[in-house]
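Read through the structure below, which is laid out as structure tokens, and then see the notes.
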Amino acid sequence: LMDSFSTDTTEYDIDLYSDNETWAYIYDYTNESSGEYVFNETQDICTIPGLNTTNGPVPVGCSVTCISEGNKTLPSGSKCINMTVEEAYAMKHYGTKECQIGSCNSGYCENCGEVTCCERLPIMTMSIPCQTNAEKAHAA
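In terms of the numbering used here, the sequence shown opens at residue 1390 and continues consecutively.
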């Protein structure tokens, strides 16, 4: 079976180092596909514990931990789970329970009366949800 394959590969050889067009394509593709992971010196890295819900991941409480700026809070009006971080971490991996959905108000998660099913995944760290300009204006 191996005898049927040609060993002559010269027609397929590509010298990437001499092809500026290929380098430009790779550079552009890399920048487009990984733009959300590009950091600069002025950006801080912040995380918040979250639980998975039927509406996707939702932050537990309203506290945010950042490397440079330390502890901060989510903007008022942000959706949150009305539960302590300790309660969330105490849940078993892939364990579920009924959770109260709330809204952040001056750093505290106030119950909105909405209940959903929450699941604790082994990795609870989530990124901070992005707000649109309209949401930022509404929260202010």
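Backbone N, C-alpha and C fix where the C-beta goes; we use that ideal spot for every residue, glycine too.
| Item | Value |
| --- | --- |
| Where E1458 sits in the DSSP three-state scheme | coil |
| Nearest-angstrom Cα separation, counted from N1471 out to S1465 | 14 angstroms |
| Same chain, Cβ closer than 7 angstroms to Y1497, neighbours up to 5 away in sequence not counted | C1451 |
| Cβ neighbour criterion (16 or more within 10 Å) applied to C1488 | buried |
| Cβ-Cβ distance between L1440 and C1507 below 8 angstroms | yes |
| Those runs of the alpha helix (DSSP H) which lie wholly inside the region 1448-1497 and span at least 4 residues | 1474-1479 |
| C-alpha gap between G1491 and T1462, whole angstroms | 14 angstroms |
| Environment of C1501 [buried if 16+ CB atoms lie within 10 Å] | exposed |
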